[in-house]
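Just below is one structure, and these are the notes that go with it.
Chains as they are written, first to last, in our numbering: chain S, 34 to 472; chain F, 673 to 785.
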């Protein structure tokens, strides 16, 4: 049989989490060595004898046996997890204890422990996300670097430093303590949100890498939902947000690999199963008094998903949701998206007004879709010269070939409309349906 | 048809889980291809990198490894091929070459005189 896609990567996260629990967080590097060793064995044996019936179990048993070897060999030289101390001292208790720690329910909790440990407040957010990808999702330094469009050296430095911080903490996060759990949960949500966003909006030009980041964030969210303390309304809302956005991924690129704006996408390509799942999760999120930014963002995504065509979108509802989101979490990007929604409802001039009224618009100067939105509204207001200028500014900031092609087309369209030989094009000619900067 | 043994020397080394999985899948694809064209007599086995070396009249026993890491034999496969040239040609599909490894192709000597 063929191993499933990314089997090793997934299992790496599970094995490191469990081994770190057994060895203690200060022995993180040892846990990683044992995992590496298990993969080497799998590679050696499987290539000759084929993949076993249950490859995950094979890997886990291999890791467990290696862990037992290490514990026996080094129990006098090293200290292992303090909470396991006595059990590891005698051969009578060692094997049963390790056996129990490798039970599947424990492995699931180990991943949560590691997830919460990675989100330690001492670590900057980018480091938390990189660490989760590296430890829990089995991404190598180079794979993390590719995901964040960063260099190998910078990423390695960030991960090494974060691992040092993690290994320097006395013990793993205690997920049994309800108060600590609730205190740390928002940071975990935030890190998973950033991980998902990096996949969804990130700069990496490889759509495969980006889809994987979204999938990993969703996989970790599912672990969180399965824990009694983790299944909060905010967790459901964030899960809904991810499902509803992920549903649109197949429509973002057209058949020739070009980027399509949200309004321009073939909605029949959206993933109906994920939309359904998102709806269900959104319903589950609507309990209790708490209204988080994830509730609002998920609701916005749901309004889009519910509209059979772009024209039928309930823009009034979307503007209202953005108003509430701005009140909860003021951000120029949110304000920009709100302005785009207003332009859809009330026309491009109103869109321009709203964009000009954004408080920290200077923070958007490096964001290509800020300039693209300005260009779009100028174009639709019959100002192709101004539009072309904005599109050129956007093009200069494009972060990958897809964005570049998309914006190049906008520049050409606007510049073409400026030429005195051709009548000024309006955005609503059938050949050039209006596009919005919203993706 | 004649019989040959492939001895795999060196190769692999530490890589990311994803890379290792890809490597394994390439090995499996190569074996599958060889098997389907009837060249595999026995897929063989991997060998542990540890062991003992027993040597000389004194039968001195020493610990492995017996060679430089890059020369350690990591496994073997029994192959059927028309002649040595074909066995060599077939070995060239082995993924080991991307990891600085080598395949030693050795004809099996037959009983007939």
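Glycine residues also receive a C-beta, built at the ideal position from the N, C-alpha and C atoms.
This one's a predicted model, so the numbers in the text were calculated from it and none came from an experiment.
Check whether the Cβ atoms of residue 56 of chain S and residue 64 of chain S sit closer than 8 Å, and answer yes or no. yes
Are at least three pairs of beta-carbons, each pair with one atom in the region 235-253 of chain S and one in the region 196-213 of chain S, less than 8 Å apart? no
Tell me, which residues are paired with residue 748 of chain F by DSSP? According to DSSP, residue 748 of chain F shares a beta bridge with F:679, F:717.
Determine, using beta carbons only, whether residue 786 of chain F comes closer than 8 Å to chain S. Past the boundaries of the shown model lies residue 786 of chain F; chain F is included only from 673 to 785, so the question cannot be answered.
Can you list, in chain order, the residues of its chain with a C-beta nearer than 8 Å to that of residue 119 of chain S? Leave out the 5 residues immediately preceding and following it. 126
May I ask you to report which of helix, strand or coil DSSP gives residue 779 of chain F? strand
Residue-chain proximity (residue 713 of chain F, chain S), Cβ-Cβ < 8 Å: no
Under a CB-based cut-off of 8 Å, is residue 763 of chain F close to chain S? no
From the DSSP output, which residues share a beta bridge with residue 674 of chain F? F:753
For the beta strand (DSSP E) containing residue 789 of chain F, name the first residue and the last one. In this structure chain F extends from 673 to 785, so residue 789 of chain F is not present and cannot be described.
If we ignore side chains and look at the alpha-carbon of each, how far apart do residue 748 of chain F and residue 60 of chain S end up? 36 Å
Give the range of the beta strand (DSSP E) segment to which residue 726 of chain F is assigned. 724-727
Limits of the alpha helix (DSSP H) - the one that residue 428 of chain S falls within: 417-430
May I have the straight-line CA-CA distance separating residue 762 of chain F from residue 717 of chain F, to the nearest angstrom? 19 Å
According to the neighbour-count rule (16 or more other Cβ atoms, all chains shown, within 10 Å of its Cβ), is residue 86 of chain S buried or exposed? Burial call: exposed.
To which residues of the same chain is residue 52 of chain S closer than 7 Å at the C-beta, ignoring the five residues directly before and after it? Within the same chain, residue 52 of chain S has close Cβ partners 64, 67, 68, 96, 100.
Whose Cβ in chain C lies nearer than 8 Å to the Cβ of residue 45 of chain S? Among the chains of the structure shown, chain C does not appear; the protein chains present are S and F.
Tell me residue 774 of chain F's beta-bridge partners as DSSP assigns them. F:681
Name the DSSP beta bridge partners of residue 286 of chain S, please? S:292
Three or more C-beta pairs below 8 Å linking the region 73-85 of chain S and the region 690-702 of chain F: Look at the beta carbons and you see the region 73-85 of chain S touching the region 690-702 of chain F: at least three pairs across the two are nearer than 8 Å.
Do three or more CB pairs link the region 393-409 of chain S to the region 423-434 of chain S at distances below 8 Å? Yes, the region 393-409 of chain S touches the region 423-434 of chain S.
Where do the N-terminal and C-terminal ends of the alpha helix (DSSP H) with residue 94 of chain S fall, by residue? 88-107
Grab me the residues of residue 414 of chain S's own chain with a C-beta within less than 6 Å of its C-beta, minus the 5 sequence neighbours each way, in chain order. 381, 382
Roughly how far, in whole angstroms, is the beta-carbon of residue 682 of chain F from the beta-carbon of residue 744 of chain F, given that I think they are within contact range, below 8 Å? 7 Å
Any C-beta of chain S within less than 8 Å: which residues of the region 694-714 of chain F qualify? Answer set for the region 694-714 of chain F: 695, 696, 697, 699, 700, 703.
At a Cβ threshold of 8 Å, is residue 78 of chain S touching chain F? At least one chain F Cβ lies under 8 Å of residue 78 of chain S.
For residue 673 of chain F and residue 689 of chain F, what's the separation of their Cα atoms in angstroms? 39 Å
Residue-chain proximity (residue 326 of chain S, chain F), Cβ-Cβ < 8 Å: no
Grab me the residues of residue 444 of chain S's own chain with a C-beta within less than 7 Å of its C-beta, minus the 5 sequence neighbours each way, in chain order. Non-local C-beta neighbours of residue 444 of chain S in its own chain, meaning closer than 7 Å and more than five positions away in sequence, comprise 421, 424, 425, 428, ordered along the chain.
Please work out which residues of its chain come closer than 8 Å, Cβ to Cβ, to residue 283 of chain S, disregarding the five sequence neighbours upstream and downstream, and give them in chain order. 302, 303, 304
Per DSSP, which one or two residues make a beta bridge with residue 712 of chain F? F:751
List in chain order: all unbroken alpha helix (DSSP H) runs of 4+ residues lying wholly within the region 104-146 of chain S. Within the region 104-146 of chain S, the complete alpha helix (DSSP H) segments of 4 residues or longer fall at 124-134, listed in chain order.
Looking at the secondary structure, which residues open and close the alpha helix (DSSP H) in which residue 407 of chain S lies? In this chain, the alpha helix (DSSP H) harbouring residue 407 of chain S covers 401-413.
Rounded to whole angstroms, what is the Cα-Cα separation between residue 318 of chain S and residue 259 of chain S? Those two C-alpha atoms are separated by around 14 Å.
Please identify, using Cβ separations under 9 Å, the residues of the region 153-177 of chain S that lie next to chain F, in order along the chain. 171, 172, 173, 174, 175, 176
Examine chain F for any beta-carbon lying closer than 8 Å to the beta-carbon of residue 185 of chain S, and answer yes or no. Residue 185 of chain S does not count as touching chain F.
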